[in-house]
Amino acid sequence: MVDIAYYLNKNWAIEAICCVTPHHVQGTGILYGASLANTWVFPPSLTLVYHFTNFGGFQPYLGAGVNFTAFWGTRGGNQPFQYQLPIASNLATWNTATAASITPSWGVVGQAGFDYMLNQNWGWNFDVKYIMMEPNAHVWATNT
700 MVDIAYYLNK NWAIEAICCV TPHHVQGTGI LYGASLANTW VFPPSLTLVY
750 HFTNFGGFQP YLGAGVNFTA FWGTRGGNQP FQYQLPIASN LATWNTATAA
800 SITPSWGVVG QAGFDYMLNQ NWGWNFDVKY IMMEPNAHVW ATNT
């Protein structure tokens, strides 16, 4: 993950966060554990961060902002999975996800972390970010 911060003053900063990662999409509910799709995820985020600077070299911070997540290169999992028919719970059929699409998503971002400054310009950083994503996934499957 890469982030770039612009300090408005010694406490407030605007931070842009970005990365690209591959993901494996698995089913939930009646499709629990099914290999449904593989996709690439691009979740750029923008946050407003407050840095607490009255602890010397240890500088904790909290931030909140907005995220837009885009998905591309999405393809069906191409692995058989069992689907329990809702009408007759004792009947099951095997399916293979042959195609998939995932819609983009807007969400809220929260972050917490700290900087430990070694000198005025250099330091160590640790943080945790939570990004709420609620995309819709559509999977086309063939019955085998």
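Convert by adding 699 to the 1-based position in the sequence shown; the result is the number in the numbering used here. The beta-carbon is built from N, C-alpha and C at its ideal position, and this holds for glycine as well. Only a predicted model underlies this, so the values are computations on that prediction, with no experimental measurement involved.
Taking Cβ to Cβ, would you say ALA763 is nearer than 8 Å to THR746?
yes
How big is the Cα-Cα spacing for HIS837 and TRP805?
18 Å
Nearest candidate by alpha-carbon position, reference TRP823, set ILE801, ASN794 and GLN758
GLN758
To the nearest angstrom, how far is it from the Cα of LEU833 to the Cα of TRP711?
A quick correction: the sequence has Glu, not Leu, at residue 833. Cα to Cα, the separation comes out at about 29 Å.
Residue nearest to ASN708 in terms of C-alpha spacing, selected from THR841, MET816, ALA733 and VAL748:
VAL748
Return the chain-ordered list of same chain residues with a C-beta closer than 7 Å to the C-beta of GLN725, the five sequence neighbours on each side being excluded.
GLY732, ALA733, SER734 and LEU735
What number of angstroms, rounded off, separates the C-alpha of HIS722 from the C-alpha of PHE741?
11 Å
So what does DSSP say about GLY728, is it helix, strand or coil?
Correct three-state label for GLY728: helix.
Helix or strand or just coil, what does DSSP make of ALA709?
The displayed chain sequence assigns Lys, not Ala, to residue 709. Coil.
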